[in-house]
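Notes follow the structure.
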Amino acid sequence: MNQTTADLRREIYLLEREIDRQAATLSANRSHLHNLQANLRERNSMFPIHALPPEIIAEVFVHCLPEETSLANYSCAPFVLLRVCKAWKQIAMSTAALWTNINILLSVYNEESPVQTLECMAQRSSEMPLTVAIMDYATAAMEPFCRISLPYENITELVADSYYTDELIRLLRDLPNLLVFRYTQRLGGTARPTPASLVHRRLREVHLSEIYGVPVLQYLTLPSLETLVFNESMMDWEVLDDFLARSKPPLHRLAFHPGRKRTVTLPHAQTWSWTPQLTELELAYPSRGHLEVSCARLSSAASLPKLRILVLRCRQSAPSSYRQDLQDEVGLSEVVECVLEMMGKRIDDGDPAHPFEIRVIAEDTDGVGLVSLSDAQKAECRKIKSCGFNIWIGPEQRNMAA
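Positions 1 to 402 (my numbering) are the ones given, in order, by the sequence shown.
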């Protein structure tokens, strides 16, 4: 049907009115946008981070991460950064360093969530080295986890809890670039296959808490090991000596923390002959024999010539004799006598080695009721200090040798 001239004019008129209306709305929106942008610029002056380039903001985000690996907490970084604004979410998602600490708690009740968490964070971490902590309270929960093809070559730190020794050796074999290894052994008393020995050439730091079963060091050779710490462990000195002789590691730090219910008992001084590079030695709750052997060895600067820090932890008083496993433990006064005698011999022999720091820490006292040093012992401490040695005797809060 053909339109008349009047119809055309009417349609043009209506269209022009609609254009004018939309133009007015657009103009009002532009004005409102300009006002909002101006307001934002004023507020940004109080929050300079909003004006920073994304690369700088990413660096700030990395410093917001918790110091220790922990289970995912959506009120903490990196997850909370995803909920602030779209810009921050994009920056956080593209910053691989935010997603390198992975803590997995496996459970028979929820098999998919840990796997999804691992896949997601491993993907976001890109080529960055990973720090992984795995807790498993049910064997069945490990099955979906083990089916995932992981970038094992990226894993540099592992916290393992409740593994049998043969399982642990297999796991370490699959982690060629592992640098730090922390292991708590809670399983024992079950017949298990004998693991094949493993030479791991990258591992540099090992923390072991082994109460049951065969020590994992019996099957390991670690030629690059620099730090070895025993926590709550039943020491097998023959295994340790064989390990050190076999590995010949450039060991810098060696620490024995047997726990408050045990003592450290060193049967001979052979162990120190395998650690000539040692710079830090820590012994907690030594037995009388262990203390005598160690102090006799350290009386000569030729033993552990690079030692810089010696820490001896003890109780103020030796435990009661009814505790069979503690009856040979020495208290603070005996440790002090032995240490002062050791240092006197080093000084009298004209010790050519660089002076080091000695700390004798009494752990079961806050200083109340603490027996003071005798005048002769105080004189010995002054002599030791005058030779350049730094000495601390007492609880963490009070140095009786000051």
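The beta carbon of each residue, even a glycine, is placed where N, CA and C say it ideally should be. This structure is a prediction, so every number in the text was calculated from the model and none was measured.
**Report entry** CA-to-CA distance, GLN377 to LEU244, given in whole angstroms
**Finding:** Position 244 of the sequence shown, counted from the first residue, corresponds to residue 244. Position 377 of the sequence shown, counted from the first residue, corresponds to residue 377. Take the alpha-carbon of LEU244 and the one of GLN377: they are about 37 Å apart.
Query raised in the report: Does the Cβ of GLY388 have 16 or more other Cβ atoms within 10 Å, making it buried, or fewer, making it exposed?
Result: Against the sequence shown, residue 388 aligns to sequence position 388. Exposed is the call here.
Query - Alpha carbon of ALA402 to alpha carbon of SER125, nearest angstrom - result: If you number the sequence shown from 1, residue 402 lands on position 402. If you number the sequence shown from 1, residue 125 lands on position 125. When the Cα atoms are used, ALA402 and SER125 turn out to be separated by approximately 49 Å.
Query raised in the report: Can you tell which of ARG308, THR100, LEU217, SER197 has its C-alpha closest to the C-alpha of TYR152?
Result: Residue 152 sits at position 152 when you count from the first residue of the sequence shown. The residue with the shortest Cα to Cα distance from TYR152 is THR100.
**Report entry** Where SER372 falls: helix, strand or coil (DSSP)
**Finding:** Taking the first residue of the sequence shown as 1, we reach residue 372 at position 372. Looking at SER372 - three-state DSSP - the assignment turns out to be coil, as it is neither helix nor strand.
Query - Beta-ladder partner(s) of THR184, from DSSP - result: By one-based count along the sequence shown, residue 184 stands at place 184. The partner list for THR184 (beta bridge, DSSP) reads ASP161, SER209.
Query raised in the report: Can you list, in chain order, the residues of its chain whose CB lies under 7 Å from that of PRO193, leaving out five sequence neighbours each side?
Result: Taking the sequence shown and counting its residues from 1, one reaches residue 193 at position 193. Excluding the 5 residues flanking it on each side, PRO193 has same chain C-beta neighbours closer than 7 Å at ASP166, in chain order.
Query raised in the report: Starting from CYS314 and walking both ways along the beta strand (DSSP E), at which residues does that stretch end?
Result: Working through the sequence shown from its first residue, we reach residue 314 at position 314. Annotation: the continuous beta strand (DSSP E) that includes CYS314 extends over 309-314.
Query raised in the report: Just how far apart, CA to CA, sit SER94 and MET128?
Result: Your numbering for residue 94 matches position 94 in the sequence shown. Your numbering for residue 128 matches position 128 in the sequence shown. Their backbone Cα atoms lie some 12 Å apart in a straight line.
Query raised in the report: GLU157: which of LEU171, LEU310, THR131, LEU172 sits nearest, CA to CA?
Result: One-based indexing of the sequence shown puts residue 157 at position 157. For GLU157, the closest of LEU171, LEU310, THR131, LEU172 by C-alpha to C-alpha distance is THR131.
Requested in this report: Report the rounded CA-to-CA distance for ALA255 versus GLU380, giving the unit in angstroms.
Outcome: Walking along the sequence shown from the start, residue 255 turns up at place 255. Walking along the sequence shown from the start, residue 380 turns up at place 380. Taking the straight line joining both Cα atoms gives about 27 Å.
Report task. Could you spell out the range, first to last residue, of the alpha helix (DSSP H) harbouring LEU240? Result -> Locating residue 240 in the sequence shown gives position 240, counting from the first residue. Boundaries of the alpha helix (DSSP H) harbouring LEU240: 237-247, taken from the DSSP string.
Requested in this report: State buried or exposed for CYS295, treating a residue as buried only when at least 16 other CB atoms are found within 10 Å of its CB.
Outcome: The residue given as residue 295 occupies position 295 in the sequence shown. By the 10 Å Cβ count, CYS295 comes out buried.
Requested in this report: Output yes or no for whether 8 Å exceeds the beta carbon distance between ARG204 and GLU226.
Outcome: Here residue 204 is taken as the residue at index 204 of the sequence shown, counted from 1. Here residue 226 is taken as the residue at index 226 of the sequence shown, counted from 1. The criterion of a C-beta distance shorter than 8 Å is satisfied by ARG204 and GLU226.
Report task. For TRP392, name the three-state secondary structure that DSSP assigns. Result -> The residue given as residue 392 occupies position 392 in the sequence shown. Collapsing the DSSP output to three states places TRP392 in a strand.
**Report entry** VAL199, DSSP secondary structure in three states
**Finding:** Within the sequence shown, numbered from 1, the residue matching residue 199 stands at position 199. Look at VAL199 here: in three-state DSSP terms it is strand.
Query - Beta-carbon spacing of LEU198, LEU175 below 8 Å - result: Position 198 of the sequence shown, counted from the start, is the residue given in the question as residue 198. Position 175 of the sequence shown, counted from the start, is the residue given in the question as residue 175. No; because the gap between Cβ atoms is not below 8 Å, this pair is not in contact.
**Report entry** C-alpha gap between LEU240 and PRO54, whole angstroms
**Finding:** Numbered from 1 along the sequence shown, position 240 holds the residue referred to as residue 240. Numbered from 1 along the sequence shown, position 54 holds the residue referred to as residue 54. Each residue's alpha carbon lies about 50 Å from the other.
Query - Limits of the beta strand (DSSP E) - the one that GLU282 falls within - result: Position 282 of the sequence shown, counted from the first residue, corresponds to residue 282. Here the beta strand (DSSP E) through GLU282 covers 280-284.
Query - Inter-residue Cα distance where the pair is THR279 and CYS85 - result: Taking the sequence shown and counting its residues from 1, the one referred to as residue 279 is at position 279. Taking the sequence shown and counting its residues from 1, the one referred to as residue 85 is at position 85. Near 49 Å, if we compare the C-alpha coordinates of CYS85 and THR279.
**Report entry** Backbone CA spacing between TYR219 and ARG170 [nearest angstrom]
**Finding:** By one-based count along the sequence shown, residue 219 stands at place 219. By one-based count along the sequence shown, residue 170 stands at place 170. Whole-angstrom Cα-Cα distance: 11 Å.
**Report entry** Assigned exposure category for PRO286 - 16 Cβ within 10 Å defines buried
**Finding:** Here residue 286 corresponds to residue number 286 of the sequence shown, with the count starting at 1. Looking at its Cβ environment, which holds 16 or more other Cβ atoms inside 10 Å, PRO286 is buried.
**Report entry** Beta-carbon spacing of GLN277, HIS252 below 8 Å
**Finding:** Your numbering for residue 277 matches position 277 in the sequence shown. Your numbering for residue 252 matches position 252 in the sequence shown. With respect to the 8 Å criterion, GLN277 and HIS252 are classified as neighbours on the basis of their beta carbons.
Report task. From the DSSP output, in three-state form, read off VAL229 for me. Result -> Residue 229 sits at position 229 when you count from the first residue of the sequence shown. The DSSP-derived three-state label of VAL229 is strand.
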